[in-house]
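Numbering (the working numbering), first residue to last: 73 to 467.
Think of the CB as a built atom: it goes at the ideal place given N, C-alpha and C, for glycine as much as any other residue.
Just so we're clear, the structure is a prediction, and the values are computed from it rather than from any experiment.
I have placed the structure first, in the form of structure tokens, so that the comments after it can refer back to it.
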């Protein structure tokens, strides 16, 4: 039995099928209760007017560039524009060294850009892994080749291919690529699966569909494609929107597609698990908590180098929450700064309301739910027991 913190309040949907020892619809923060204890000590010290300790994030989600070669209609990155800086070799080397020194456990290259466009992509993954940090990557996969896959797969915890369709024509429409890119990326996925098998690598290879009800026709083709390609898992997840509804995500229509989502999960095989993120889809863009506790545990960095509590606050209109930029100063100094902890404190205070002051279903959503329940005494986060799940350091 998995010991991850899960929220299954939506009893009208079937629970997702899961990979053994993998948490794809929940949070693993209860495997990091040392950081939870540090947070509680900090909160207690602040309440008593005493000096408060700092603690490192468990996971950092970041990009190596703001650039992207796709143009997905649903992409949240179009809402995240900020002043661009180039993340150079000198900048990223210092960042990785600082992250290892402070105790960051996992770095995922996802965030608001296509990191494969950076010439530093391979170096970052190999260096981070060499420093003892779990490394992961989410990418559209267009620029992969066999040589590059051979270089990065041994150093990755997971490789996730963003592939939000199942047929060439709709892939082109949804992701903004020329139709022939579909075949190229499929070939790259096959190569990744083959390299993993030949070298007996522990990396997990997955595919992800960011799903909005208007693209329901692609649910079953996507799931079947993932099975045919032999990946370890295929995730179907919600589409996020900002507080203004800029992307016009139809959250109320997800329910109409529950039967199709269950059909997609039923295509799972022993090799490939198809997993629907029911928890977030069932939340329909709503939050039941007001304070944002998650960023000290899971923080995001833009491909511009901007450090902000989460990706939904990268845009310049959220400048009051911007903390610093790793292209302009050392990550260590940013993390230790008063500014960093002032922003974290503000988000966790009565002055901030996550229900109305930021976008829907952010990366920190499940962590926030768990921490909110813990603080309110509704569901205490206790140390996990049993086997550790895969992707442990990506909370």
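Does the pairing of the stretch 263 to 281 with the stretch 210 to 229 give three or more beta-carbon distances under 8 Å?
Because the criterion of three Cβ pairs below 8 Å is met, the stretch 263 to 281 and the stretch 210 to 229 touch.
Could you tell me the alpha carbon to alpha carbon distance between residue 241 and residue 161, rounded to whole angstroms?
Cα-Cα distance, rounded: 38 Å.
Going by DSSP, what residues sit across from residue 180 in a beta bridge?
DSSP output for residue 180 lists 133 and 208 as bridge partner(s).
Apply the 10 Å Cβ neighbour rule to residue 100 and answer buried if 16 or more other Cβ atoms are within range, or exposed otherwise.
By the 10 Å Cβ count, residue 100 comes out buried.
Quick check: what's the CA-CA separation for residue 122 versus residue 406?
When rounded, the separation of the alpha-carbon atoms in residue 122 and residue 406 is 22 Å.
Let's see if you can read the secondary structure: which residues bound the alpha helix (DSSP H) around residue 423?
Careful: residue 423 lies outside any alpha helix (DSSP H) and carries neither H nor E.
Only counting the same chain, and skipping five residues up and downstream in sequence, which positions put a Cβ closer than 7 Å to that of residue 174?
Close CB contacts of residue 174 within its chain, under the 7 Å cut and outside five residues either way in sequence, are with 128, 404 and 407 (chain order).
Please list the terminal residues of the continuous beta strand (DSSP E) segment that includes residue 309.
Residues 305 to 309.
Terminal residues of the beta strand (DSSP E) in which residue 232 lies:
230 to 234 is the span of the beta strand (DSSP E), which, as asked, contains residue 232.
Mind the definition here: the stretch 365 to 385 touches the stretch 426 to 443 only if three or more C-beta pairs lie below 8 Å; say whether that holds.
Under the 8 Å Cβ criterion, the stretch 365 to 385 counts as touching the stretch 426 to 443, having at least three qualifying pairs.
Determine the direct distance from the alpha carbon of residue 279 to that of residue 344, and round the result to whole angstroms.
Pairing residue 344 with residue 279, the inter-Cα distance amounts to about 10 Å.
Are the beta-carbon atoms belonging to residue 374 and residue 184 less than 9 Å from one another?
With a cutoff of 9 Å on beta-carbon distance, residue 374 and residue 184 are scored as near each other.
Spatial neighbours of residue 81 within its chain, please: C-beta separation below 6 Å, excluding the five flanking residues on both sides.
Any reading at residue 81 needs caution, since the residue's pLDDT is 36, under 50, leaving its predicted position unreliable; the model's value is listed next. Closer than 6 Å at the Cβ level, and outside the excluded window around residue 81, lies no residue.
Taking the beta carbon of residue 461 as the centre, do at least 16 other beta carbons fall within 10 Å, making it buried, or is it exposed?
Buried, by the Cβ-count rule.
Could you tell me whether the Cβ atoms of residue 263 and residue 221 are closer together than 9 Å?
For residue 263 and residue 221, yes; Cβs fall inside 9 Å.
Local conformation of residue 321 per DSSP, three classes
In the three-state reduction of the DSSP assignment, residue 321 falls in the coil class.
What are the start and end residues of each continuous alpha helix (DSSP H) run of 4 or more residues lying completely inside the stretch 396 to 453, in chain order?
Segments of the alpha helix (DSSP H) lying fully in the stretch 396 to 453: 403 to 408, 410 to 419 and 437 to 447.
For residue 319, the nearest candidate out of 145, 98 and 388 (CA to CA)
Ranking the options by Cα distance to residue 319, first place goes to 145.
Does DSSP put residue 253 in a helix, in a strand, or in coil?
DSSP, reduced to helix, strand and coil, places residue 253 within a helical segment of the structure shown.
May I ask you to report which of helix, strand or coil DSSP gives residue 353?
Helix at residue 353.
Nearest to residue 255 by CA position, among 376, 283, 414 and 216, is which residue?
Residue 216 holds the alpha-carbon nearest to the alpha-carbon of residue 255 among 376, 283, 414 and 216.
Does the stretch 408 to 422 come close enough to the stretch 291 to 307 that 3 or more CB-CB pairs lie under 8 Å?
In short, these stretches do not touch, since the Cβ pair count stays below three.
Own chain partners of residue 356 with C-beta closer than 7 Å, once the 5 adjacent residues on each side are dropped:
Cβ within range, chain order: 323, 324 and 326.
Do you know offhand how far residue 361's Cα is from residue 433's?
Looking at the two C-alpha atoms, the distance is approximately 12 Å.
Element boundaries [beta strand (DSSP E), containing residue 279]
Taken as a continuous stretch (DSSP letters only), the beta strand (DSSP E) holding residue 279 covers 276 to 282.
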